[in-house]
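Engineer: In terms of my numbering, the numbers along the sequence shown are unbroken and rise by one, the last being 186.
Where a beta carbon is used, it is the ideal one built from N, C-alpha and C, also for glycine.
These figures come from a predicted structure and were not determined experimentally.
This structure is in structure tokens; I'll ask about it shortly.
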Amino acid sequence: MRPCCCVKLKVVRREGVAALWKGNLATILHRLPYSSINFYTYEHANKFLVQRLPPGTDFARTMAAGGLAGLVACSAAYPLDLVRTRLAVQTQGHYYHGILPTLQRIVADEGAVGLYRGLGATLLQVYGRQHQGEPVSYSRVIRQVQQQGGLKGFYTGILPEYCKVVPGVAIAFCTYEQLKKWLQAQ
């Protein structure tokens, strides 16, 4: 049996079938502002850079505009990603309940800055679940992953991520380009 199936079976046994969708609504709600801000920022950064960069720098311009767009979108939508992560990783008890109550609890517990306290949120929270009560830091998590899996350990689970991301991004940009062409023709 594949590792992904084993994990799903463990989750279902421990928490029930509904646990497979924990944080899904937050993910969906995260995608709306993230995608909107990403495309909006990309278009404006691209137009800005076209006027300032010399001809023949299309690749660099596209990469810079895309990178900036990703940075802005990620920063703007991060609180919803944090909520999704916290809802998804809690396995025992339910400290967090729903999107708005989770946002409120984070602000109450950690202050507004807590909404942006990511520091590799998923990786750190997975580590934190296994070592409750111990202080967590980047260096500690990096050492732990390196010791347990070497360089390969940093890429564990990348194939399922690619299976999700590649078609999703391809469809998003194909749709985007087709809609641009259609709207320009109108």
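(1) Quick one: residues in its chain with C-beta nearer than 7 Å to the C-beta of Ala69, no 5 flanking neighbours on either side, listed in chain order?
(2) For Leu151 and Trp182, what's the separation of their Cα atoms in angstroms?
(3) Please tell me whether Pro33 and Ala76 are closer than 8 Å, where the distance is taken between their beta carbons.
(4) Going by beta carbon distance, what residues of the same chain come within less than 7 Å of Arg105, once the five residues before and after it are set aside?
(5) Alpha carbon to alpha carbon, how far is Phe173 from Gln184?
(6) For the alpha helix (DSSP H) containing Pro79, list its first residue and its last residue.
(7) State the DSSP-derived secondary structure class of Gln186, mapped to helix, strand or coil.
(8) Classify Tyr96 as helix, strand or coil using the three-state DSSP reduction.
(9) Going by beta-carbon coordinates alone, are Ala86 and Thr102 separated by less than 8 Å?
(10) Could you give the DSSP three-state label for Gly111: helix, strand or coil?
(11) Taking 7 Å as the cut-off, does the CB of Leu82 come closer than this to any heavy atom belonging to the ligand FAD?
(12) Please classify Pro101: does DSSP put it in a helix, a strand, or coil?
(13) Can you tell me which of Arg143, Phe59, Asp109, Asp81 puts its alpha carbon nearest to the alpha carbon of His30?
Structural biologist: Walking through what the data contain:
(1) Closer than 7 Å at the Cβ level, and outside the excluded window around Ala69, lie Asn38, Thr41, Tyr42, Ala45.
(2) Their backbone Cα atoms lie some 45 Å apart in a straight line.
(3) yes
(4) Counting only Cβ-Cβ distances below 7 Å, and skipping sequence neighbours, we find Tyr96.
(5) 16 Å
(6) 58-89
(7) coil
(8) coil
(9) Looking at the sequence shown, residue 86 is not Ala but Arg. Yes; because the gap between Cβ atoms is below 8 Å, this pair is in contact.
(10) coil
(11) With respect to small molecules bound, the structure shown includes none, and the ligand FAD cannot be examined in it.
(12) helix
(13) Asp81
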